[in-house]
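Chemist: Chains as they are written, first to last, in our numbering: chain F, 1 to 258; chain D, 1001 to 1248.
Even glycine gets a Cβ: it sits at the ideal position worked out from N, Cα and C.
Keep in mind the model is a prediction, meaning the values are calculated, not measured.
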Amino acid sequence: MKLDLHNLFGSSASKKTTVLLWLSVVFFMLSFSGAASAQKKFARSYPATKNVRLQLTNRTGTVTVEGWDRPEVAISAYLEKPAANIEPQNLSGTIVINLVKDNQGRGEVGAVNFLVRIPYHSSVDIETKMGNLNVSNIQGNLVRAHISTEGSITLLNVLANAVSAENGIGDIFFDGEISRDGNYRFTSMRGNINLRIPYESSFKLVATAPSSRNISLGSFSNGSMSFGDGRRVIGRVGDGSATFTVTNQRGNIAFIRR
Amino acid sequence: MNCEQCQELISAFLDNDLDDKDSSSVQTHLSICAECAKLCEDFASILNFCLEESPAEIIPPNSQALWCRINNVIESEIKQDAARPETLPVEAPGNWFSRMWQLSLSQFASAMMVIALLSSLLTIVVIKSYSASTFNEDFAAQTEHAPGVVEKLLGKFGLVDTPQQIRLRRIEQQQAAIEYWNQRVAARRTQWDNNLREAFDRNLNEIDRTVSEYTLILQENPQDDLSGEMLDSTLTEKMELLREFSDL
Chain F
1 MKLDLHNLFG SSASKKTTVL LWLSVVFFML SFSGAASAQK KFARSYPATK
51 NVRLQLTNRT GTVTVEGWDR PEVAISAYLE KPAANIEPQN LSGTIVINLV
101 KDNQGRGEVG AVNFLVRIPY HSSVDIETKM GNLNVSNIQG NLVRAHISTE
151 GSITLLNVLA NAVSAENGIG DIFFDGEISR DGNYRFTSMR GNINLRIPYE
201 SSFKLVATAP SSRNISLGSF SNGSMSFGDG RRVIGRVGDG SATFTVTNQR
251 GNIAFIRR
Chain D
1001 MNCEQCQELI SAFLDNDLDD KDSSSVQTHL SICAECAKLC EDFASILNFC
1051 LEESPAEIIP PNSQALWCRI NNVIESEIKQ DAARPETLPV EAPGNWFSRM
1101 WQLSLSQFAS AMMVIALLSS LLTIVVIKSY SASTFNEDFA AQTEHAPGVV
1151 EKLLGKFGLV DTPQQIRLRR IEQQQAAIEY WNQRVAARRT QWDNNLREAF
1201 DRNLNEIDRT VSEYTLILQE NPQDDLSGEM LDSTLTEKME LLREFSDL
């Protein structure tokens, strides 16, 4: 009997390839299903009233709030395991989501990443113990973002009468317009605070960076500014109708022309 | 919500007696108004102090025995007064008062000169203080209560507390509140997940480092008001961080 070594090796190699291919497909499917089971999705929407206010308190995770041109509030969230309880409430126009309250007494709770879409003219009040906060395209009365510990705050295309951003360790970036008589407060323990506002903005300023002494006013600097020993800058830009209070304990402050 | 409305609701807010709407309005106002936030903090500190203070520390250990002792002391003093012979002539209060105002011409002139000197000095000081505050922008004065020259002067004479004394007292209050929240956090932190615990510790270390830096600066230069203000704000942040994590 003549042994066809070439055929034998050829068929063996193709078998191996097929087996490997199947194994990789199974492995991929398993890993995909694992990832899918590790995250749970939550979605809910509400019809928007005239004055919408979002009040969201997260434990850990990223919160993204976007303004849109629809009379609807759409909340979607991806919950990591162990999944948190979410019980949103609609209290006459105020959407309240409080994950701290909803999960009080529970030990470990997985991060929750929110994406909330609300009408442009809504007020936004969001906070988290840890994680990033992003707000964009909002022209309501108030925008407040507060991180108890670590995380960055990004406020893009925001025009609100009162803006407050506060974090522990992390950057703060504000890119928006200033309303007349508005109140703007940015506070960080360590990180960079960058504020991008239109050149024609007018405001009273108290900017304090005691550790770095790095306060860059760029094109907003003028003769009325008092720099003292560099730790604090006090002054007025234009007629000074709005108020800007910026404090960065161990980081830099920069004003950028929009 | 304006400051007046907020201040009316602060007490109920701290007692958690407000409905969600009012509570959120107060929270929003507190987030943008430093003055009301400070008031709220003060209230919270007082509340915490009262909660911490056990009745045993306030009520004397044996009130009946204390009253007996007070009675005994009063009775013994009355007996001593009764036994003392009345040797000293009693002067009518009107005589003493009228004699005090019988001044010679030179005494009267000197008194008037002293009054005139003092009032002109005070006027100069007030004008200087006012012009300094307008120069440094009224907005800065709104955000921080910088002591004026008059206050500093009165403080030097011990008539009012100096900024340093006020600061020390405030730090003591803040430390007491921090101690309270720290105990609550210590009881709960074992339940948090590792990431959260590590983030909390990193932030707390950052705050503590900042507090140490300001404390050091203030030891070298107690007059550094900016460092005093920053220390105050950092301790408030620490208190807030602990309070927020005590809920978890």
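Would you tell me roughly how many angstroms separate the C-alpha atoms of I1115 of chain D and L1121 of chain D, rounded to the nearest one?
Modeler: A straight line joining the alpha-carbon of I1115 of chain D with that of L1121 of chain D spans about 10 Å.
Chemist: Excluding sequence positions up to five away, which residues of its chain have a Cβ less than 6 Å from the Cβ of A209 of chain F?
Modeler: By the criterion of a C-beta distance shorter than 6 Å, A209 of chain F is surrounded in its chain by I215, N248, I253, once the five residues flanking it on both sides are discounted.
Chemist: Could you list which residues in chain D have their beta carbon closer than 9 Å to that of I169 of chain F, in chain order?
Modeler: Neighbours of I169 of chain F on chain D, chain order: A1199, R1202, N1203, E1206.
Chemist: Pairing CB atoms from the segment 150-165 of chain F with CB atoms from the segment 70-86 of chain F, are three or more of them under 8 Å?
Modeler: no
Chemist: Buried or exposed, going by whether 16 or more other CB atoms sit within 10 Å of the CB of A1177 of chain D?
Modeler: buried
Chemist: Could you check the C-alpha separation between K204 of chain F and R236 of chain F for me, to the nearest Å?
Modeler: 4 Å
Chemist: Residues in the same chain with beta-carbon distance under 6 Å from N98 of chain F, minus the five sequence neighbours each way, listed in chain order, please.
Modeler: T57
Chemist: How about A207 of chain F and N183 of chain F: are their beta carbons less than 8 Å apart?
Modeler: A207 of chain F is not a Cβ neighbour of N183 of chain F, given a cutoff of 8 Å.
Chemist: Quick one: grab the DSSP three-state call for A36 of chain F.
Modeler: At A36 of chain F, the pLDDT of 46 sits below 50, so the modelled position is not reliable; the number obtained from the coordinates is stated separately. A36 of chain F: helix per DSSP, three-state reduction.
Chemist: Quick check: what's the CA-CA separation for G67 of chain F versus V1160 of chain D?
Modeler: 53 Å
Chemist: Quick test of the definition: if touching needs 3 or more C-beta pairs under 8 Å, does the segment 155-169 of chain F touch the segment 184-195 of chain F?
Modeler: Yes: the two stretches touch, three or more of their Cβ pairs being nearer than 8 Å.
Chemist: Are at least three pairs of beta-carbons, each pair with one atom in the segment 1227-1235 of chain D and one in the segment 1184-1200 of chain D, less than 8 Å apart?
Modeler: no
Chemist: Could I get the ranges of all uninterrupted beta strand (DSSP E) runs contained in the segment 223-257 of chain F, with 3 residues as the minimum, in chain order?
Modeler: Whole beta strand (DSSP E) segments, 3+ residues: 232-237, 242-248, 252-257.
Chemist: Can you give me the Cβ contacts of R259 of chain F inside the same chain, cut-off strictly under 8 Å, excluding the 5 residues immediately before and after it?
Modeler: Given a span of 1 to 258 for chain F in the structure shown, any question on residue 259 of chain F remains unanswerable.
Chemist: Going along chain F, which residues have a C-beta under 8 Å from T1123 of chain D?
Modeler: In chain order: nothing, as chain F lies at least about 26 Å away.
Chemist: Can you tell me the Cα-Cα spacing of L54 of chain F and I1217 of chain D, whole angstroms?
Modeler: 42 Å
Chemist: Closer than 8 Å, CB to CB, is G107 of chain F near chain D or not?
Modeler: Yes, G107 of chain F lies at the interface with chain D (some Cβ there is under 8 Å from its Cβ).
Chemist: Could you give the distance in angstroms between the alpha-carbon of T60 of chain F and the alpha-carbon of N132 of chain F?
Modeler: 9 Å
Chemist: Could you check which residue in D:D1208, D:C1040, D:N1071 has the C-alpha nearest to that of L1009 of chain D?
Modeler: D:C1040
Chemist: Excluding the five sequence neighbours on either side, which residues of its own chain have a C-beta within less than 6 Å of the C-beta of F244 of chain F, listed in chain order?
Modeler: Y184, F203, L205
Chemist: Tell me whether D1019 of chain D is buried or exposed, calling it buried when 16 or more other Cβ atoms sit within 10 Å of its Cβ.
Modeler: exposed
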